[in-house]
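**Student:** The structure follows.
Number of protein chains: 2
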Amino acid sequence: MLDCKLLTDKLLIGKQISRSQLTISQGTIYNEDMKAELLNAIRPTTLIRSAKLIDHLGLDVTIASETFQHTGSFKFRAAYNVVLNDDAEEFIGVSSGNFGQALAYACKLLNRKCTVIMPANSASVKVEAVRSFGATADLIDVNVVSRYERLKQLAAEHPNAYLASAYDDQLVIDGNSTLGDELAKYNFDAVVVPVGGGGLISGIIQSFCRNGVMTEVIGAEPAMANDAARSLKAGELIANENEPQTIADGTRTLSLGKLNWPIIQNGLRTIVEVSEDNITTALKLYFGLANLKSEPTGALSLGAVLENREIFDNKKVCVVVSGGNVDAAIYAQMII
Amino acid sequence: MLDCKLLTDKLLIGKQISRSQLTISQGTIYNEDMKAELLNAIRPTTLIRSAKLIDHLGLDVTIASETFQHTGSFKFRAAYNVVLNDDAEEFIGVSSGNFGQALAYACKLLNRKCTVIMPANSASVKVEAVRSFGATADLIDVNVVSRYERLKQLAAEHPNAYLASAYDDQLVIDGNSTLGDELAKYNFDAVVVPVGGGGLISGIIQSFCRNGVMTEVIGAEPAMANDAARSLKAGELIANENEPQTIADGTRTLSLGKLNWPIIQNGLRTIVEVSEDNITTALKLYFGLANLKSEPTGALSLGAVLENREIFDNKKVCVVVSGGNVDAAIYAQMII
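See the structure below:
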């Protein structure tokens, strides 16, 4: 079924790594019943071609926008797959952002309990979104207890609950791989994907591998939060010392996940480090030339094109917009 | 082929008008070759269902967004159909907004010359958009010469040019009717459509009539620019005395077009008059709950739902977002 050789032969060009080291998983998505139920629940990505943006960049670029996915980001693909494939009655996640909303909504749809641990100073619109889906927002003072200490406490109190990681979970990667399956049909030369914990990009790599697709996957990471780019260069998983304060708040992770790292290490050659200015410029271009509301993290992939235009020359490029959830005040400031 | 009887019987309930007065046209779109070429050129509308918006309104609402149509509004459907069906070498239009861009791009695609008459104080982003598609932006000082005087001048100078109206043209109505054909498949109880010159709503009525669809069409017009609502009540075409200064700049027309009026008069019962506040609230709801960037005019249909919630109770409603082109400064001010 799987022909990763083609893909990996291409990826291995210029890399000192033997094929036997490859550990790219097919994932568990090939349970056809579950796959059908997952595909029925998610909304296909929205492909947008803007003549103005194409002219402006002088580049054949297609936008794959997950901003209209349920709960406004790709995270719903992952969250729904997690809840669908485990029979726990309760799910506990840690998130001040998109994964929390996605997990809460997936639990609502599948009739499970859900608790999302969030810093007490999270944007109220995000806390409200989690609650609007019937989940408990467990607000913590991060100066008193860290998110992961609180997760341990809750896990001890609810020993049967599923502790859901936003990225470091094979079910998360499998769920995200459905986006790869959609993009695999279009024969893009390159697909550019935002990188935080690595959940989305590892899912897309896994899918392209499964589908025998030659499309190159390119990561887009804020220069201020370049742990994945540094890891790829060093050949080992490197973590940030502190949570990076990039405007792309979806990438404020300390490091890639342990399951995501080997897929990323073997599945791609390039992670473009994007300046904060280019994140803002990309977000403005989406607003002005494509009528697309993107969150800063979602604009990373177009930011990578601005940052390193020459590597995309004469290529049929797809930029993945991972989500659209952003506070009005921040957005208003960024577009003017 | 056409069974308007079903539709008109329903529409006639409570109206003192005999069926013999009906003049709804099938349009010329049934030239199958032209239709195929038109459908190939346009981008299907983007249907969005937001759980957050549905919960917030307590209403089964689907968004049909034309914001990702080529040039960012439904106007491209009309403009392309006009240029496709006339062999003039040059097209002249009057528009400071969406029709100008759409006509310019249609002419670019079909290799025709294009001139768009625009007030010299039009937003520079709109002038640039017209020029970016290779058209001439004919900038006039409206204190010296009116748009239509200038149109007459240009028409005299270019006797073979096609003078393209943004709404009062059967080819425009036919082009816009393609959106109706898309929506006809979904068995909505009601479709709510912004009304300016009446080009879009008359196209949708024409399509539903052609398709024998029972979906009710409801107009959404700014209360500040309520000439269509007044006309419908009076049973005769009434014009505004001055260009109304509503935030919904796409509806700053003096009156419905002569071709649009009879279709509107016979094809719908209700035009909701929307306050400026509800236009802004609707635009904010799209931003916050659906990740959708709408222009103020595009938000009119959701504004109508807010304005007159009870007439939509227990209905499967579709709100048409006619376009997404809005200046960043205006938009930023509206969302915060």
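Respectively, the protein sequence lines represent chains A and B. Quick note on numbering: the first sequence equals residues -9 to 326 in the numbering used here. Quick note on numbering: the second sequence equals residues -9 to 326 in the numbering used here. Glycine residues also receive a C-beta, built at the ideal position from the N, C-alpha and C atoms. Just so you know, these numbers come straight off a predicted model, no measurement behind them.
State the start and end residues of the unbroken beta strand (DSSP E) segment that holds Ala113/B.
**Tutor:** Unbroken run through Ala113/B: none, as it is neither H nor E.
**Student:** How about the region 162 to 178 of chain A and the region 263 to 273 of chain A: do they share at least three Cβ pairs that are nearer than 8 Å?
**Tutor:** no
**Student:** Three or more C-beta pairs under 8 Å: does that hold for the region 204 to 217 of chain B against the region 148 to 168 of chain B?
**Tutor:** no
**Student:** If you check the beta carbons only, do Thr287/A and Pro184/A fall under 8 Å apart?
**Tutor:** yes
**Student:** Compile a chain-ordered list of the residues in the region 29 to 51 of chain A whose CB is closer than 9 Å to at least one CB of chain B.
**Tutor:** Arg33, Thr36, Ile38, Arg39, Ser40, Ala41, Lys42, Asp45, His46
**Student:** What residues are listed by DSSP as bridge partners for Ser55/A?
**Tutor:** Answer is Thr36/A, Val311/A, bridged to Ser55/A.
**Student:** What whole-angstrom Cβ distance do Ile320/B and Ala319/A have, given they're in contact under 8 Å?
**Tutor:** Between Ile320/B and Ala319/A the beta-carbon gap is near 16 Å, outside 8 Å, which marks them as no contact.
**Student:** Please classify Lys142/B as buried or exposed, where buried requires at least 16 neighbouring CB atoms within 10 angstroms.
**Tutor:** Burial call: exposed.
**Student:** Quick check on Gly62/A - is its C-beta less than 8 Å from some C-beta in chain B?
**Tutor:** True, the Cβ-Cβ gap to chain B drops below 8 Å.
**Student:** Taking C-alpha atoms, which residue in Phe64/A, Phe81/A, Val309/A lies nearest to Ser40/A?
**Tutor:** Here the closest residue by C-alpha is Val309/A.
**Student:** Does the count of Cβ pairs from the region 116 to 136 of chain A and the region 90 to 99 of chain A closer than 8 Å reach three?
**Tutor:** yes
**Student:** Whose C-beta lies closer than 6 Å to the C-beta of Phe277/B among residues of the same chain, with five residues either side of it excluded?
**Tutor:** Ile325
**Student:** With which residues is Met108/A paired in a DSSP beta bridge?
**Tutor:** Partner(s): Leu129/A.
**Student:** Measure how close the beta-carbons of Phe64/B and Leu169/B come, nearest whole angstrom, since I'm counting them as under 8 Å.
**Tutor:** 6 Å
**Student:** Who are Lys103/B's beta bridge partners in DSSP?
**Tutor:** Glu80/B
**Student:** Would a check of beta-carbon distances place Ser85/A closer than 8 Å to chain B?
**Tutor:** no
**Student:** In this structure, does DSSP put Lys248/B in helix, strand or coil?
**Tutor:** coil
**Student:** Where does Ile14/A land, buried or exposed, given buried means 16+ other C-beta within 10 angstroms?
**Tutor:** Unreliable placement is indicated for Ile14/A, whose pLDDT of 43 sits below 50; no coordinate value is reported for it.
**Student:** Does any residue of chain B have a CB that is nearer than 8 Å to the CB of Ile325/A?
**Tutor:** The beta carbon of Ile325/A sits closer than 8 Å to some beta carbon of chain B.
**Student:** Span of the beta strand (DSSP E) holding Leu153/B?
**Tutor:** 152 to 154
**Student:** Quick check: the Cα distance between Thr241/A and Glu211/A, rounded to an integer number of angstroms?
**Tutor:** 8 Å
**Student:** Determine the direct distance from the alpha carbon of Gly313/A to that of Phe58/A, and round the result to whole angstroms.
**Tutor:** Answer to the nearest angstrom: the Cα atoms are 8 Å apart.
**Student:** Give the residues of chain B in contact with Asn315/A, contact being defined as C-beta atoms less than 8 Å apart.
**Tutor:** In chain order: Asn281.
**Student:** Between which residues of its own chain and Ile195/B is the CB-CB distance below 6 Å, once the five residues before and five after are set aside?
**Tutor:** Val207, Ile253, Gly257
**Student:** Closest to Tyr138/A by C-alpha separation, out of Ser284/A, Thr126/A, Ser85/A, would be which residue?
**Tutor:** Ser85/A
**Student:** Quick one: does Pro57/B have its CB under 8 Å from some CB of chain A?
**Tutor:** The amino acid at residue 57/B is misidentified as Pro; the sequence shows Thr. For Thr57/B, the answer is yes, since a Cβ of chain A falls inside 8 Å of its Cβ.
**Student:** Can you tell me the Cα-Cα spacing of Lys223/A and Ile53/A, whole angstroms?
**Tutor:** So the two alpha carbons sit approximately 28 Å from each other.
**Student:** Spell out whether any CB of chain B is found under 8 Å from the CB atom of Ala319/A.
**Tutor:** yes
**Student:** Please confirm whether Phe178/B has its beta-carbon closer than 8 Å to some beta-carbon of chain A.
**Tutor:** By this cut-off, Phe178/B is not an interface position.
**Student:** I want to verify the contact list: residues of chain B whose CB lies under 7 Å from the CB of Ala322/A, in sequence order.
**Tutor:** Ala322, Ile325, Ile326
**Student:** At 8 Å on the CB atoms, spell out the chain B contacts of Gly278/A, in chain order.
**Tutor:** Val115, Ala318
**Student:** What's the C-alpha gap between Ser167/A and Gly189/A?
**Tutor:** Using only the alpha carbons, I get a separation of about 9 Å.
**Student:** Starting from the Cα of Glu147/B, find the closest Cα among Phe89/B, Asn111/B, Glu80/B, Gly202/B and give me that residue.
**Tutor:** The residue with the shortest Cα to Cα distance from Glu147/B is Glu80/B.
**Student:** Output yes if chain A places a C-beta closer than 8 Å to the C-beta of Ser312/B; else output no.
**Tutor:** no
**Student:** Here's a check: name, in chain order, each residue in its chain whose Cβ is nearer than 8 Å to the Cβ of Leu28/A, leaving out the five neighbours to either side.
**Tutor:** Ile19, Arg67, Tyr70, Asn71, Leu74, Gly165, Thr168
**Student:** Ser122/A versus chain B: which residues are under 8 Å apart at the beta carbon?
**Tutor:** Contacts between Ser122/A and chain B, judged by CB atoms closer than 8 Å, involve Lys42, Asp45 in chain order.
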